[in-house]
Amino acid sequence: MPKEAINSPRPPVYVIQANVPDAQPLPYYKIAPDTYFFFGNIAEVDGVNRGFNGNAGFVVTRDGVLVLDALGTPSLGRRMIAAIREVTSQPIRYLVISHAHPDHYFGASAFADIPDIRIISHAGTEDYVYTPTIERSVAYRKVFLPREMYHFHAVVPDLLIGGGNPAHVSVKLGGKTFEIYDTGSHHSHGDLVMWQKEDRILWISDLAFNGRVTFIGDGHVNEIDAMQDWIDKKFPDVGLMVPGHGAPQTAPFPMVSNTRRYVDTLTEKIRAAILQGQSLQDAVRMSGIKEFESWPLYELNHWINANFVYQTLEQELF
Numbered sequence: 001m002p003k004e005a006i007n008s009p010r011p012p013v014y015v016i017q018a019n020v021p022d023a024q025p026l027p028y029y030k031i032a033p034d035t036y037f038f039f040g041n042i043a044e045v046d047g048v049n050r051g052f053n054g055n056a057g058f059v060v061t062r063d064g065v066l067v068l069d070a071l072g073t074p075s076l077g078r079r080m081i082a083a084i085r086e087v088t089s090q091p092i093r094y095l096v097i098s099h100a101h102p103d104h105y106f107g108a109s110a111f112a113d114i115p116d117i118r119i120i121s122h123a124g125t126e127d128y129v130y131t132p133t134i135e136r137s138v139a140y141r142k143v144f145l146p147r148e149m150y151h152f153h154a155v156v157p158d159l160l161i162g163g164g165n166p167a168h169v170s171v172k173l174g175g176k177t178f179e180i181y182d183t184g185s186h187h188s189h190g191d192l193v194m195w196q197k198e199d200r201i202l203w204i205s206d207l208a209f210n211g212r213v214t215f216i217g218d219g220h221v222n223e224i225d226a227m228q229d230w231i232d233k234k235f236p237d238v239g240l241m242v243p244g245h246g247a248p249q250t251a252p253f254p255m256v257s258n259t260r261r262y263v264d265t266l267t268e269k270i271r272a273a274i275l276q277g278q279s280l281q282d283a284v285r286m287s288g289i290k291e292f293e294s295w296p297l298y299e300l301n302h303w304i305n306a307n308f309v310y311q312t313l314e315q316e317l318f
């Protein structure tokens, strides 16, 4: 594990042992006063990370704890709770789910059992619960993570943002203010960011990725730039930006410009290929981006991204 999380030049390589009890706390970092961070592996879900391939965090206040995201299995969610209990005995009042991709959402089952907790997410999370996609994702993980997925159930949030509900919710807890905003569906069925106001921390989830190639096989690629522009204008005094993958970062936040450059380059390549009459297969094959070829998860994500962008732009152009 890196000694420090903020601006870390390398991600952790943390092995989750299959037989470790759920009562053992996950490792965590203190990234600001009362603010803690779970630093996930940069990898696809596998038998090494066992679902710990995304980030999460929690904030302790005098009146309780707010948690952002729940990691990729109920077991990891329970180990998050054990870590929180190592820091504080304050009750866990809120779980904010930034979006419903498995690496951020599947651990929510562990939190749903906490008395009086409020679970907040985008309306798209509720929609996702009733799709065949979640059934396939759960079945896939149960094959090689049966113990970790034990007691999984799809959690329906009790406070929804976006999708006809309010686009912004303000949570005041123990002297801290958490402003939670709908950022459309740039990455998933529905995405949120959270502004930890007094500490000037912006939790951006998967609006930008740090130190790896983004995944855009879901959501709406044409919303990414617009939402990045929006956070730049809405939060001009951000002191720390925390992504859903990779290290938290201080200004000037190169992860945002790197993610944008990748997305814009891929989009322009695919748009040009479509206008030239290239087939899906040819356009994807010719879509390589040399600058990012050595980045983690390029080989896994890039061709999926290119395929998704082609189908999206083809519908828009024709």
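Okay, so the sequence shown: first residue is 1 according to this note's numbering, each after it adds one.
For glycine and all other residues, C-beta sits at the position ideal for the given N, C-alpha and C.
Only a predicted model underlies this, so the values are computations on that prediction, with no experimental measurement involved.
Boundaries (first-last residue) of the beta strand (DSSP E) holding residue i
i: Gln320; result: No statement about residue 320 is possible, as the shown extent of the chain runs from 1 to 318 and does not include it.
i: Val324; result: The chain is shown only over 1 to 318; residue 324 falls outside these bounds and no answer can be derived.
i: Ser8; result: Taken as a continuous stretch (DSSP letters only), Ser8 belongs to no beta strand (DSSP E), as it is neither H nor E.
i: Met1; result: No beta strand (DSSP E) holds Met1; DSSP gives it neither H nor E.
i: Met149; result: Note, Met149: premise wrong, no beta strand (DSSP E); not H, not E.
i: Leu240; result: Leu240 to Pro243
i: Lys30; result: Tyr29 to Ala32
Whole-angstrom C-beta distance between residue j and residue i, which should lie under 8 Å
i: Trp295; j: Val213; result: 5 Å
i: Phe37; j: Gly57; result: 5 Å
Other residues of its chain near residue i: CB distance less than 8 Å, five sequence neighbours each side excluded
i: Asp116; result: Pro91 and Arg93
i: Thr312; result: His220, Val221 and Asn222
i: Phe253; result: Ala208, Val238 and Met241
i: Gln64; result: Just to set this straight, residue 64 is Gly in the shown sequence, not Gln. Only Gln90, Pro91, Ile92, Arg93, Tyr94, Leu173 and Gly174 meet the Cβ criterion.
i: Thr73; result: Arg50, Gly51, Phe106, Gly107, Arg141, Leu145, Glu148, Met149 and Phe152
i: Pro33; result: Asp199
i: Met286; result: Lys269, Ala273 and Gln278
For residue i, three-class secondary structure by DSSP
i: Gln281; result: helix
i: Asp225; result: helix
i: Arg118; result: strand
i: Lys339; result: There is simply no residue 339 to check, as the chain begins at 1 and stops at 318 in what is shown.
i: Ser137; result: helix
i: Phe37; result: strand
i: Val15; result: coil
i: Asp237; result: coil
i: Asp199; result: helix
i: Tyr105; result: helix
i: Pro182; result: The question names Pro, yet the displayed sequence has Asp at residue 182. Reduced to three states, the DSSP call for Asp182 is strand.
i: Ile161; result: strand
i: Lys42; result: A small correction: the amino acid at residue 42 is Ile; Lys does not occupy that position in the sequence shown. Residue state, collapsed to three classes: coil.
Same chain only: Cβ atoms within 7 Å of residue i, ignoring 5 sequence neighbours per side
i: Val155; result: Ala108, Ser109, Ala112 and Ile119
i: Pro25; result: Arg79, Ala82, Ala83 and Glu86
i: Val256; result: Ala208 and Gln228
i: Asn210; result: Pro243, His245, Gly246, Ala247, Gln249 and Met255
i: Val143; result: none
i: Tyr262; result: Val213, Thr214, Ile289 and Phe292
i: Leu300; result: Glu44
Start-to-end residues for the alpha helix (DSSP H) that takes in residue i
i: Glu314; result: Tyr298 to Leu317
i: Ile274; result: Pro254 to Leu275
i: Val129; result: Ala123 to Val129
i: Ser109; result: Ala108 to Ala112
Residues near residue i in its chain [Cβ-Cβ closer than 6 Å; skip 5 each side]
i: Tyr181; result: His168 and Val193
i: Asp206; result: His187 and Gly244
i: Ser75; result: Asp22 and Glu148
Quick one: complete alpha helix (DSSP H) runs, 4+ long, within the stretch 46-102?
-> 74-87
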